Amino acid sequence: MMHYHLSPSNIYLMLIKSGFYEKPKKRKLIPVVLEKLDDEFLVNGGFTLVQLPTGYGKTSIVYSLALYGICNPKSYIRTLHVLPLRSIINDAYRGFIEGADRIGLRSVEDLVARQMMYVPGSPFLNRMLVFTTFDTFMMHLMKLPPPEIEKIVSDDNGWRSFGHYEVSRGAILESVVVLDEPQLLLDSPSSRNVLASAICFLAKARVPTVIMTATLPNELREYVKEWCKRENIQLRSIIYGENIRDDEFESIERSKNIKSEIRQIKKIQDIAKIFKKEYGQVKRILLVLNTVKRAISVYREIMDMGLKPVLLHGRMIAKDRDEAIKELKKDEWIAISTQVVEAGVNISAEVLITDAAPASSLIQRAGRVARFDEKEGKVIVIVDPKALSGGIYHVYDVELTQKTIEVLEKYREIAWRIPKVDDGVGYNELLNMAYECGSLVPRIKYIHQMLDPYTSSKDAVFYVLGGDFIRESNLVNVFVIDEDVDMGYGEFYSKYLNYVFPATLEFVEKIRSKSMKVLLYRQGRILSKSDYREINNMLRMAFPQIYMIYHRIIGVQISTDMYMRVAYGATSS
27 MMHYHLSPSN
37 IYLMLIKSGF
47 YEKPKKRKLI
57 PVVLEKLDDE
67 FLVNGGFTLV
77 QLPTGYGKTS
87 IVYSLALYGI
97 CNPKSYIRTL
107 HVLPLRSIIN
117 DAYRGFIEGA
127 DRIGLRSVED
137 LVARQMMYVP
147 GSPFLNRMLV
157 FTTFDTFMMH
167 LMKLPPPEIE
177 KIVSDDNGWR
187 SFGHYEVSRG
197 AILESVVVLD
207 EPQLLLDSPS
217 SRNVLASAIC
227 FLAKARVPTV
237 IMTATLPNEL
247 REYVKEWCKR
257 ENIQLRSIIY
267 GENIRDDEFE
277 SIERSKNIKS
287 EIRQIKKIQD
297 IAKIFKKEYG
307 QVKRILLVLN
317 TVKRAISVYR
327 EIMDMGLKPV
337 LLHGRMIAKD
347 RDEAIKELKK
357 DEWIAISTQV
367 VEAGVNISAE
377 VLITDAAPAS
387 SLIQRAGRVA
397 RFDEKEGKVI
407 VIVDPKALSG
417 GIYHVYDVEL
427 TQKTIEVLEK
437 YREIAWRIPK
447 VDDGVGYNEL
457 LNMAYECGSL
467 VPRIKYIHQM
477 LDPYTSSKDA
487 VFYVLGGDFI
497 RESNLVNVFV
507 IDEDVDMGYG
517 EFYSKYLNYV
527 FPATLEFVEK
537 IRSKSMKVLL
547 YRQGRILSKS
557 DYREINNMLR
567 MAFPQIYMIY
577 HRIIGVQIST
587 DMYMRVAYGA
597 TSS
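The numbering of the sequence shown is our numbering, which starts it at 27 and goes up by one.
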């Protein structure tokens, strides 16, 4: 009798054959990568660096690892898919659930979960496959589990609880961790330090870790190499253009004629003029702006032309975002977006008009051009000279942005779809020329907090909630609800989960008004309260997040009218 050898690569091939994917496209290199993730690596730990082109289907690696772990838990108990952007998580989660349904797997929701701010699918990361944000992942590593922050902070007589932080940390230690597109964290000094500290911890703890990306900067690669050497753990590198290549994929992508242009503008209205010249010549145009304010401004300009563009940004409720994504599945569309489109949004534009940005972000945006079967595409990079003269370029480091622009001006023809080419400049070469070779440095206090058995959640509170440690610790839930609320916790989240978006405290302060309410958690119920003074107190505190937790404020409530103004730039009716 013939026995079928179960392995991650064989699981991938079975998923392709069985119809797990809606549009199955077998990729030659996915099984090659999965074969490298063998039991020796999964049991003994270490790092595997995986760089594959944009649009190559890297998420299938996670799905295959998860199913292998479920079928063969002796190697590892679970798969943690750690992503830099919350907007990607819903797509990755939905892709797995829908794929499982296509092949007849039932009740997979009991094994799979999303865990992030306001989506408590697996509070202690114990499901077999967990999609989570880097911010949430780091809070667990730092001994501050998000579901227990309120217990840890809010007691009049001292620290009521230290939290069950070793439960989730234990879950991490018995997992295979996949860090997806972590280079997107390199553009912020605080995020750089936190990423460096996380890699240090995972190396010391010998957790099998896969760093999976389309763009792998040399500085990140060298940093991982250094820690693997220090801790005497294995490092495997699977780098497109160095030790693997897909000739068929490359032949198709190189046959595509994707032109690059750089345009300078004096005012934001000039972007709409550039769009107008392209409109009518192609069916799908994507505009990516660096801030929500800029995206809304361009959206209104194009609306005034009598067109109906799709808007996509981080201050939209889930219901609106899902509707926008659905529109982008059609044959013709105009989309205006922010950075949320950079990873995990599987669309293909014929023309990209984008604000200048650091190379890592620009490459991800260009990855949405001619992604499918198109033969031609165009990337138009918009440069705002006035913004280059400041300390930051919209939201980015001005030096990184300037260096990227200089490289683009020198090498006009970039192979946006291929990391490395024999004749010309692949996008990973653009990345390394723009970044040059910097260095990542972990924060000693973060390492101490994660590794020292005598530190606790009490020590982590002011690191995480009192400064700029990570982004989620400084965000507020903004719920879009017109009526007053008085209902049970479970009923509330079941009803309003799709009517919330995260916002910074600065943004909440900017839009606060007499009509804004606070949402309070009291004895198992969520209540609306019109208390302008409470909102003022919250925003003026040195540590507003701690104040919110202590007073059990789960977020703020705004009207639909206010939401339409801040999300779409609509005028009051």
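Beta carbons are placed, not taken as given, at the ideal position from N, Cα and C, and that holds for glycine.
Here the structure is a predicted model, which means the values were calculated and not measured.
**Asked** Bridge partners of Arg104, per DSSP?
**Response** For the purposes of this step, residue 104 is taken as the residue at position 78 of the sequence shown. Arg104 is bridged to Ser201.
**Item:** Beta-ladder partner(s) of Ile237, from DSSP
**Value:** For this step, residue 237 is matched to residue 211 along the sequence shown. Ile237 is bridged to Leu75, Leu205.
**Prompt:** In chain order, what residues of the same chain lie with their CB nearer than 6 Å to the CB of Leu553, ignoring the 5 residues before and after it?
**Reply:** Sequence index remark: in the sequence shown, residue 553 carries index 527 (1-based). Cβ within range, chain order: Asp512, Leu546.
**Prompt:** Mind checking Gly121: buried by the 16 CB within 10 Å criterion, or exposed?
**Reply:** Numbered from 1 along the sequence shown, position 95 holds the residue referred to as residue 121. By the neighbour-count rule (16 or more Cβ atoms within 10 Å), Gly121 is buried.
**Request:** Identify whether Met564 lies in helix, strand or coil by the three-state DSSP scheme.
**Result:** Taking the sequence shown and counting its residues from 1, one reaches residue 564 at position 538. DSSP places Met564 in helix when its eight states are reduced to three.
**Prompt:** If we ignore side chains and look at the alpha-carbon of each, how far apart do Val377 and Glu61 end up?
**Reply:** In the sequence shown, the residue the question calls residue 377 occupies position 351. In the sequence shown, the residue the question calls residue 61 occupies position 35. Rounded to whole angstroms, the separation of the alpha carbons of Glu61 and Val377 is 37 Å.
**Request:** Return the chain-ordered list of same chain residues with a C-beta closer than 7 Å to the C-beta of Ala350, the five sequence neighbours on each side being excluded.
**Result:** In the sequence shown, counting from the first residue as 1, residue 350 sits at position 324. Closer than 7 Å at Cβ, skipping near neighbours: Val336, Leu337, Leu338.
**Asked** How about Arg310 and Glu358: are their beta carbons less than 8 Å apart?
**Response** Reading the sequence shown from its first residue, position 284 is the one you call residue 310. Reading the sequence shown from its first residue, position 332 is the one you call residue 358. Contact flag set, yes.
**Asked** Hey, would you say Arg501 sits closer than 8 Å to Ala529, going by beta carbons?
**Response** On the sequence shown, position 475 is the one that residue 501 refers to. On the sequence shown, position 503 is the one that residue 529 refers to. The sequence shown places Leu at residue 501, not Arg. In contact: Leu501 and Ala529 (Cβ atoms closer than 8 Å).
**Item:** Collapsed DSSP secondary structure at Ile37 in the structure displayed
**Value:** Here the question's residue 37 lines up with position 11 in the sequence shown. Ile37: helix per DSSP, three-state reduction.
**Request:** Can you give me the start and stop residues for the alpha helix (DSSP H) that Pro215 sits inside?
**Result:** As a first step, residue 215 must be located in the sequence shown, where it is residue number 189. For Pro215, the enclosing alpha helix (DSSP H) has its first and last residue at 215-230.
**Asked** Leaving out five residues before and five after Leu333 in sequence, what residues of the same chain have Cβ atoms less than 8 Å from its Cβ?
**Response** The sequence position of residue 333 within the sequence shown is 307, counting from 1. So the qualifying residues of the chain are Tyr305, Ile360.
**Asked** Do you know whose CA, among Ser113, Lys303, Phe188, Arg247, lies nearest Ile343's CA?
**Response** Within the sequence shown, residue 343 is the residue found at index 317, counting from 1. Taking the Cα of Ile343 as reference, the smallest distance to any Cα among Ser113, Lys303, Phe188, Arg247 is reached at Ser113.
**Prompt:** Near Gly595, which residues of its chain fall below 6 Å by C-beta distance, leaving aside the five closest residues on each side in sequence?
**Reply:** The count along the sequence shown starts at 1 and reaches residue 595 at position 569. Same-chain partners within the cutoff: Ile322, Arg326.
**Message:** Does the contact criterion of 3 or more C-beta pairs under 8 Å hold for the segment 423-436 versus the segment 367-387?
**Reply:** Yes: at least three Cβ pairs fall under 8 Å.
**Prompt:** Since Leu91 and Leu131 are thought to touch, with beta carbons under 8 Å apart, how far apart are those beta carbons, to the nearest angstrom?
**Reply:** What you label residue 91 is simply residue 65 of the sequence shown in a count that begins at 1. What you label residue 131 is simply residue 105 of the sequence shown in a count that begins at 1. The Cβ separation is near 16 Å, so there is no contact.
**Cβ contact (3+ pairs, closer than 8 Å) linking the segment 186-195 and the segment 87-106** = The segment 186-195 is not in contact with the segment 87-106.
**Message:** Spatial neighbours of Leu151 within its chain, please: C-beta separation below 6 Å, excluding the five flanking residues on both sides.
**Reply:** Locating residue 151 in the sequence shown gives position 125, where the first residue counts as 1. Excluding five sequence positions before and after Leu151, the CB atoms of its chain that fall closer than 6 Å to its own CB belong to Ser194, Ala197, given in chain order.
**Message:** For Arg438, tell me which candidate among Ile444, Val451, Lys446 has the shortest Cα-Cα distance.
**Reply:** Position 412 of the sequence shown, counted from the first residue, corresponds to residue 438. For the residues Ile444, Val451, Lys446, the minimum Cα distance to Arg438 belongs to Val451.
**Item:** Sheet register partners of Gly544 (DSSP bridge)
**Value:** Along the sequence shown, read from residue 1 onward, the residue named residue 544 stands at position 518. The sequence given here places Val at residue 544; Gly does not occur at that position. BP columns for Val544 point to Lys555, Val582.
**Prompt:** DSSP three-state call for Ala442: helix, strand or coil?
**Reply:** On the sequence shown, residue 442 is found 416 positions in, with the first residue counted as 1. Residue 442 is actually Trp in this sequence, not Ala. Reduced to three states, the DSSP call for Trp442 is coil.
**Message:** Tell me which residues share the same chain as Val487 and place their Cβ nearer than 6 Å to its Cβ, disregarding the 5 neighbours each side in the sequence.
**Reply:** For the purposes of this step, residue 487 is taken as the residue at position 461 of the sequence shown. The beta carbon of Val487 lies closer than 6 Å to none in the same chain, with the five residues before and after it left out.
**Message:** As a quick exercise: from Ser286, Glu455, Val324, pick the residue whose alpha carbon is nearest that of Phe301.
**Reply:** The residue labelled residue 301 in the question sits at position 275 within the sequence shown. Taking only the C-alpha atoms, the option nearest Phe301 is Val324.
**Message:** Please report the distance separating the alpha-carbon of Met590 from that of Lys319.
**Reply:** Position 564 of the sequence shown, counted from the start, is the residue given in the question as residue 590. Position 293 of the sequence shown, counted from the start, is the residue given in the question as residue 319. If I take the Cα positions, the gap works out to 13 Å.
**Item:** Limits of the beta strand (DSSP E) - the one that Gly514 falls within
**Value:** Along the sequence shown, one-based indexing puts residue 514 at 488. Counting along the chain, the beta strand (DSSP E) containing Gly514 begins and ends at 512-514.
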